[in-house]
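When you number the sequence shown by full-length UniProt numbering, it's gap-free, plus one each residue, and the end is 152.
Read through the structure below, which is laid out as structure tokens, and then see the notes.
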Amino acid sequence: MAAQQPSLKARALRYLSMREYSRLELGRKLARHAEEGEDVDALLDWLEQNKWLSQERFSEALIHRRAARYGNSRIVAELQSHGVAGEALQELKSTLAGDETARACEVWRRKFGTVAADRQERNKQMRFLLQRGFSQRAVLAALGGSDPDDEI
């Protein structure tokens, strides 16, 4: 006897019970399982109305997961790829901007820990931080080896 496939709604709730999803991401996952006659957009609207699906919670969760390792531009690019745009994205950018230098210093400290002795090592450290999405201002502050909390 064949096992009955879960409904689209049950599948959506199971996904959301594991972690937060963006509307775009959940829509893609559910579209693969949607049968003829099932409306994925209507289900996503219902999930949002009942507060099961929230773009704000998804954005906060993504930022929380990524902020300790990546810079603002990389986090913002990932948010955009998940469909976060407009005013919500601008607000998230402004909240991220405040602590980027401190986060860059912490990433640099964990990876390297010592100020570069020569130009080649400095360039290596700079490339590493830039590829992680940190701004040049934050990278230069981190490469200085100073702790932003020590400045008074």
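Ideal Cβ positions, reconstructed from N, Cα and C, are used throughout, including at glycine.
Quiz prompt | Spatial neighbours of R14 in its chain, beta-carbon cut-off 6 Å, leaving aside the 5 residues before and after | solution = Excluding positions up to five away in sequence, the list is empty.
Quiz item: For E151, is the classification buried or exposed, using 16 other Cβ atoms within 10 angstroms of its Cβ as the cut-off for buried?
Solution: For E151, the pLDDT reaches just 48, beneath the cut-off of 50, and the residue's location in the model is therefore unreliable, leaving the point undetermined.
Quiz item: With burial defined as no fewer than 16 other Cβ atoms inside 10 Å of the residue's Cβ, what is the status of N72: buried or exposed?
Solution: Counting Cβ neighbours within 10 Å, N72 comes out buried, since at least 16 surround it.
Quiz item: Expressed to the nearest angstrom, what Euclidean distance is found between the alpha-carbon atoms of I63 and R74?
Solution: One C-alpha to the other measures close to 10 Å.
Quiz item: Assuming A66 and E56 make a contact with CB atoms under 8 Å, what is their CB distance in whole Å?
Solution: The question names Ala, but residue 66 is Arg in the sequence shown. Their Cβ separation, rounded to whole angstroms, is 16 Å, which puts R66 and E56 out of contact at 8 Å.
Self-check item: For T114, the three-state DSSP class (helix, strand or coil)
Solution: In the structure shown, T114 sits in coil (DSSP, three-state: anything other than H, G, I, E or B).
Exercise. Starting from Q4, trace the alpha helix (DSSP H) both ways and give me its first and last residue.
Key: No alpha helix (DSSP H) contains Q4, which DSSP labels as neither H nor E.
Self-check item: Three-way DSSP call (helix, strand, coil) for D149 in this model
Solution: Unreliable placement is indicated for D149, whose pLDDT of 49 sits below 50; no coordinate value is reported for it.
Quiz item: Distance, Cα to Cα, D45 vs S81?
Solution: Each residue's Cα considered, the two are about 20 Å apart.
Exercise. Pull up the distance between the alpha-carbon of L8 and that of L43, whole angstroms please.
Key: About 8 Å.
Quiz prompt | K124 versus G144 - alpha carbon distance | solution = Those two C-alpha atoms are separated by around 14 Å.
Quiz prompt | Rounded C-alpha distance that separates residue 204 from V139 | solution = This structure does not reach residue 204, given that the chain is present from 1 up to 152, and the question cannot be answered.
Quiz item: Looking at A141 and T114, is the spacing between their C-beta atoms short of 8 Å?
Solution: Result no, Cβ atoms of T114 and A141 do not sit closer than 8 Å.
Quiz item: Which whole-angstrom value is the C-beta distance of L30 and L53, which I expect to be below 8 Å?
Solution: The pair is not a contact, with the Cβ atoms about 11 Å apart (cut-off 8 Å).
Quiz item: Under the three-state reduction of DSSP, which class applies to L24: helix, strand or coil?
Solution: In this structure, L24 counts as helix in the three-state DSSP scheme.
Quiz prompt | Environment of D149 [buried if 16+ CB atoms lie within 10 Å] | solution = For D149, the pLDDT reaches just 49, beneath the cut-off of 50, and the residue's location in the model is therefore unreliable, although a value from the coordinates is still provided. So D149 counts as exposed.
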